[in-house]
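Working notes, structure below.
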Amino acid sequence: MKLHDRLVSVLSSVIVVFIACAFVLMGTEKQVRPYIHTPIARAVYERLMKEREFEEIDRDEWYRLNLDAILSEDVRSKFIQMKWDVDTQKFVDQSSEKSSWIGTQLWHALVTFVAGWKASKTSLNGWLNRGSMFVFSESQFLRLTGWKEDHRSDSLLDLGAGDGNVTARFSRFFGEVFVTEVSSVMRKVLVSRGYQLKDVGQWDSEDDPQKYSMISALNLLDRCDAPISLLKQIPKKLAKNGFVLIALVLPLNQYVENNAPTFAPSEIIGVRGRTTEEQVDSLVECVLEPLGYKLKSWTRLPYLCEGDLHQPYYWMHDIVLLLQHESAMIDEA
Numbered sequence: 019m020k021l022h023d024r025l026v027s028v029l030s031s032v033i034v035v036f037i038a039c040a041f042v043l044m045g046t047e048k049q050v051r052p053y054i055h056t057p058i059a060r061a062v063y064e065r066l067m068k069e070r071e072f073e074e075i076d077r078d079e080w081y082r083l084n085l086d087a088i089l090s091e092d093v094r095s096k097f098i099q100m101k102w103d104v105d106t107q108k109f110v111d112q113s114s115e116k117s118s119w120i121g122t123q124l125w126h127a128l129v130t131f132v133a134g135w136k137a138s139k140t141s142l143n144g145w146l147n148r149g150s151m152f153v154f155s156e157s158q159f160l161r162l163t164g165w166k167e168d169h170r171s172d173s174l175l176d177l178g179a180g181d182g183n184v185t186a187r188f189s190r191f192f193g194e195v196f197v198t199e200v201s202s203v204m205r206k207v208l209v210s211r212g213y214q215l216k217d218v219g220q221w222d223s224e225d226d227p228q229k230y231s232m233i234s235a236l237n238l239l240d241r242c243d244a245p246i247s248l249l250k251q252i253p254k255k256l257a258k259n260g261f262v263l264i265a266l267v268l269p270l271n272q273y274v275e276n277n278a279p280t281f282a283p284s285e286i287i288g289v290r291g292r293t294t295e296e297q298v299d300s301l302v303e304c305v306l307e308p309l310g311y312k313l314k315s316w317t318r319l320p321y322l323c324e325g326d327l328h329q330p331y332y333w334m335h336d337i338v339l340l341l342q343h344e345s346a347m348i349d350e351a
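For the sequence shown, this note's numbering assigns the number 19 to the initial residue and increments by one for each residue that follows.
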C-alpha cells in the first residue's frame, strides 16, 4: 500500500468517529448543527448535509426561462425546451460517488496545496483526472441540431476542448475530430483520447486548407482573452453550410485564468441587461448578428462540474446556441 493510501486510511477511520454523532442528529425533524473541532471531519459533515440539500433541488428550474422577457420574437421562437435526462443523471451520480472518496479528495487537496502556486487550475485538473464538465447529453445535442442518430458530418473542431469529456458527447457524429487547448497537460489527455490537435495560434491559418462541418466553442468565450476576435476567426474555417456551436454562462462574468492579477480580458463581450433573458437577447442582437451569425436554435442547460469534498457537484447556467454564418450559408432554394 502506498504511503498516501495508508495515511488516508488512518484519517478516514478518525473521521468516521467524529461523524457518527452527526448522523444521529441528521435524522431529527429539527436539525441541530453540531460543533466539530477537526476541520476534515467538519468538512465531511458539511458535505453530508449538502447531499441532503441537493436532494431537494428543483432541477427543472435549471432549464426554464421567462420567454416573455425576451423581446425578439425570432429569438423566442427558436428556443428548445430541454429537461433532465438519463445521461445527465449518470454524470451527477458518477460525480457524487467520486467526490465522496475521502482518500482521493484529501490527496487532491494536498497536491493542490503543494503545486497550486505554480500550475494553473486547468493543468492540475488534468494531472489529477478531476474537474470534468458536462454541458449536454447526446440526445440533447440531437434535439438542438435536429439531426438523426445516424447523422454523419465530415469534421469537427472543438476549440478549448479541456479533457475532451464534453467533446466525447457529440464527436461520434463526425468523421474527423480536431481540438485546440492551451494547457499542455490537457493536450496530452486529448491526444490519448484519439483527437487530432491543432495549434491554438495556428488553427485558423490560411496555409491550412482544412475547413470544418462544425466549430464549437463551449464555455470558451467568457474565459478567453479576445472573444470577439475569436468570433471573427471562426467563419474563415467553416465549411459550406457548416454550423457553429457556442455555450456561454449567462449572466455573463468574463474571467481569464492566465491574465493575473486582474484576470480581465482584453476584449469585452458587449451584452446588455442583468438577467439571462435580457443578456441572451442582446448577445444575439448586439454581438452575434453584427458579426454575420444567424441563430438556428438555442436552449438553456446546467453546466455541470465534478464535485469535491465540499459538495457532490457544481453547476452554472449555460445558454447553448446553434448558429450558422452568412459567409458559409448556401441558398438551397
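Ideal placement from N, C-alpha and C gives every residue a C-beta, glycine not left out.
Minimum Cα-Cα distance from Leu239 among the listed residues Gln329, Leu322, Val338 corresponds to Val338.
For Leu268, the closest C-alpha among the options Ser95, Leu83, Pro279, Ser114 is that of Leu83. Closest by C-alpha distance to Phe159, out of Gln329, Ser315, Met334, is Ser315.
In the three-state reduction of the DSSP assignment, Ile264 falls in the strand class. At the C-beta level, Lys216 and Phe191 stay beyond 8 Å of one another. DSSP places Phe159 in the uninterrupted alpha helix (DSSP H) bounded by 156-163. In the three-state reduction of the DSSP assignment, Glu91 falls in the helix class. According to the DSSP assignment, Gln342 belongs to the beta strand (DSSP E) that extends over 331-343. Within the model, the alpha-carbon separation for Cys304 versus Pro283 is close to 19 Å. Taking C-beta atoms under 8 Å as the contact rule, Met100 and Leu319 qualify, at a distance of about 6 Å. When secondary structure is reduced to three states using DSSP, Ile246 falls in the helix class.
DSSP places Met232 in the uninterrupted beta strand (DSSP E) bounded by 230-236.
If you draw a 10 Å sphere on the C-beta of Val104, you find fewer than 16 other C-beta atoms in it, and that means exposed.
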